[in-house]
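Novice:
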Amino acid sequence: MISDVILFAVLALLAIVSAVSMLFSRNAVYSALFLIINFGTIAVFYLLLGAPFLSMAQVTVYAGAIMVLFLFVIMLLGAEQLRQRQLLWWQQPAAILMGVILLVEAGYLILNRGPGEDYLLAFESLVSDYGGPSAVGALLFNDYLLPFEITSVLLLVAMIGAIVLTKEEKSQSKK
Amino acid sequence: MPVTYYVILSAILFTLGAVGVLIRRNAIVIFMSVELMLNAANLAFVAFSQLYGTLNGQVFVFFVVTVAAAEVAVGLALIVAIFRTKHSINVDEISSLKN
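Those protein sequence lines, which keep their order, are chains A and B.
Residues 3 to 177, numbered by our numbering, are exactly what the first sequence covers, in order.
Residues 140 to 238, numbered by our numbering, are exactly what the second sequence covers, in order.
#1: Assign residue 145 of chain B to one of three DSSP states: helix, strand, or coil.
#2: Residue 29 of chain A bridges to which residues according to DSSP?
#3: Would residue 138 of chain A count as contacting chain B if we go by Cβ distances under 9 Å?
#4: Strictly by DSSP, which residues pair up with residue 121 of chain A?
#5: Whose C-alpha, out of B/234, B/144, B/158, B/221, is nearest the C-alpha of residue 51 of chain A?
#6: Please say whether residue 196 of chain B and residue 186 of chain B have beta carbons closer to each other than 9 Å?
#7: Closer than 8 Å between beta carbons: that is the criterion. Which residues of the segment 203–223 of chain B meet it against chain A?
#8: Could you tell me how far apart the beta carbons of residue 166 of chain B and residue 228 of chain B are, in whole angstroms, since I believe they sit closer than 8 Å?
#9: Got a sec: is the Cβ-Cβ distance from residue 186 of chain B to anything in chain A below 9 Å?
#10: Hey, does residue 12 of chain A have any beta-carbon neighbour from chain B nearer than 9 Å?
#11: Are any of the Cβ atoms in chain B nearer than 9 Å to that of residue 33 of chain A?
#12: Using DSSP's beta-bridge definition, name the partner residues of residue 229 of chain B.
#13: As an exercise, report each continuous beta strand (DSSP E) stretch of at least 3 residues that is fully enclosed by the segment 132–164 of chain A, in chain order.
#14: Assuming residue 64 of chain A contacts residue 204 of chain B under a Cβ cut-off of 8 Å, what Cβ separation, rounded to an integer in Å, is found between them?
#15: DSSP three-state call for residue 53 of chain A: helix, strand or coil?
#16: Can you give the Cα-Cα distance for residue 111 of chain A and residue 77 of chain A, rounded to whole angstroms?
#17: Mind reading off the beta-carbon distance from residue 27 of chain A to residue 36 of chain A? Whole number of angstroms is fine, and I expect it under 8 Å.
#18: Specify, as a first and last residue, the run of the alpha helix (DSSP H) that residue 75 of chain A falls within.
#19: Can you pull out the residues from the segment 54–67 of chain A whose beta carbon lies closer than 8 Å to at least one beta carbon of chain B?
#20: Less than 8 Å between the CB atoms is what I'm expecting for residue 148 of chain B and residue 160 of chain A, so what's the real figure, rounded?
#21: Check distances from the C-beta atoms of the segment 157–169 of chain B to those of chain A and list, in chain order, the residues that come in under 9 Å.
#22: Whose C-alpha, out of B/158, B/236, B/233, is nearest the C-alpha of residue 96 of chain A?
#23: Residues of chain B with CB closer than 7 Å to the CB of residue 52 of chain A, please, in chain order.
#24: Name the chain A residues that come within less than 9 Å of residue 228 of chain B, Cβ to Cβ?
#25: Say whether chain E places a C-beta atom closer than 9 Å to the C-beta of residue 173 of chain B.
#26: Does the CB of residue 127 of chain A have a neighbour CB from chain B at under 9 Å?
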C-alpha cells in the first residue's frame, strides 16, 4: 500500500515537472520532448490503473504518432526560436492569476464534494481480463459500435482535410 | 489508494494546460497545451473507470485519443497553411483577417 503511494507521488511529480517545463521552455522542440515525457508518465499511470491496452495505445498513438507529427511541423516551419513579443503587458499575470483561481476552485470542489474516501478497487476484485484488449474490444464493438463507426468517418474526413489544406495552388506553381 | 489523488493530479495538469494556452504565443505550443488538457481529462476518466470496476471510462478514453489525433492532423495542416501566407506562427501577429 505504501509503495503504491510512493510510486504515485514520484510519477505525479514527474508529470507536473515535465508539464511546467513544457510551458516555460523557450525552444519549441524542447517543449515537445517534455510533453513526450509527460505522455510517458500518463501511460505508466494507466498501467497503475489497470488499463494496459490504453497504456500501450497512449504510447503508440500519442507519444509515437501525434508528437512525431508535432516535431515534423516544428522543424518544417523552423519554429524553434520563440519571439515572445507580448502585445498586452497584463496578459501573462492575468493568465497565471486565473490559473491559480481555477486550481483553488477545483481543489475545493474535489475535496469537499468529490468522491471522498472512495478507494480504487484492488486488482484482486477486478475481473482477470480487466483493461485488456479483448475486454475493451468486446465493449467497443458491442455497446459502442456506432461511435466507433462515426470515429472512422471522422478520421477519413480529417485525412482528406489535411491533404486539401496543404495542397499547393496549381496556378502559381508552374509559371 | 483514494481516487481523489488522481482527480487532483488531473485538475493540476488541466490547469497547467489552460495557463499554457493563455500565456504562450507560439501556435504549436498552444496546440500542445490543448493536448495536455485532453490527457488530464483522460487520466480522470481512467481513474473513475477503475473506481467502479467497469470499462466504459476506458472506451471513452479510446475515443478521446482518436478524436485528438484527427484534430492534431487538421490543426497542424491549418498552421502550415497559415505559415505559408503570413510567414509567422506567433498568434499576436496573425490575429487580423487582413493579409
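Using N, Cα and C, we set each Cβ at its ideal position, and we do this for glycine too.
Specialist: So, to answer that:
#1: helix
#2: DSSP, once it has assigned bridges, lists no residue as partnering residue 29 of chain A.
#3: yes
#4: B/141
#5: B/144
#6: yes
#7: 204, 205, 206, 207, 208, 209, 210, 211, 212, 213, 215, 216, 217, 218, 219, 220, 222
#8: 4 Å
#9: yes
#10: no
#11: yes
#12: B/165
#13: none
#14: 6 Å
#15: coil
#16: 42 Å
#17: 6 Å
#18: 69–79
#19: 55, 56, 59, 60, 63, 64, 67
#20: No, residue 148 of chain B and residue 160 of chain A are not in contact; Cβ-Cβ is about 30 Å, not under 8 Å.
#21: 157, 158, 159, 160, 161, 162, 163, 164, 165, 166, 167, 168
#22: B/158
#23: 189
#24: 79, 81
#25: Annotation note: the requested chain E is absent from the structure, which comprises protein chains A and B.
#26: yes
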